[in-house]
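Participant: Have a look at this one before I ask anything.
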Amino acid sequence: MGRKPRATNATLDVLEALLEPDQELYGLKIAKMIDRPTGSVFPILARLEDLGWVVSEWEQADPVSRGPRRRFYRLSPEGLAEARAMLDGRRTRRSPLSSDHPLAPRPGECL
């Protein structure tokens, strides 16, 4: 396969968000999903697109009715396979009960 992005936590978070079944993922929505600033999410999306892992298209809706057009992102077939492989590696390195696991309860949270 081709080149791979650095496997930073932010990059892995973006890839994980892109694996969600939502078909209308745009930069701000992804940033909110993963609780990261857009200033880190958009460069990651651009790098993933340059690598061919992500494809994007502009929203077709009339911008006057809602505001600026959105750019929707999704994983390419190669990106889907590579993202799953990278995220599988991330999950095997994390203990399911570790406090930094995204599904682990936060302090004061009930199970």
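So the sequence shown is residues 1 to 111, counted in full-length UniProt numbering. Backbone N, C-alpha and C fix where the C-beta goes; we use that ideal spot for every residue, glycine too.
Return the residue from the list Leu-75, Arg-6, Asp-22 and Asn-9 that minimises the CA-CA distance to Gly-52.
Facilitator: Here residue 52 refers to the residue found at position 52 of the sequence shown. Closest by alpha carbon: Leu-75.
Participant: To the nearest angstrom, report how far apart Tyr-26 and Arg-70 are at their CA atoms.
Facilitator: Here residue 26 corresponds to residue number 26 of the sequence shown, with the count starting at 1. Here residue 70 corresponds to residue number 70 of the sequence shown, with the count starting at 1. Cα to Cα, Tyr-26 sits roughly 6 Å from Arg-70.
Participant: According to DSSP, is Glu-59 part of a helix, a strand, or is it coil?
Facilitator: Reading the sequence shown from its first residue, position 59 is the one you call residue 59. Three-state result, Glu-59: coil.
Participant: Mind pulling the alpha helix (DSSP H) runs of 4 or more residues that sit fully within the UniProt domain "Transcription regulator PadR N-terminal" (17-83)?
Facilitator: With a minimum length of 4 residues, the continuous alpha helix (DSSP H) runs that stay inside the UniProt domain "Transcription regulator PadR N-terminal" (17-83) are 27-34, 38-50 and 63-66.
Participant: Between the Cα of Arg-84 and the Cα atoms of Pro-5, Ala-10 and Glu-16, which residue gives the shortest distance?
Facilitator: Here residue 84 refers to the residue found at position 84 of the sequence shown. The candidate whose alpha carbon is nearest that of Arg-84 is Glu-16.
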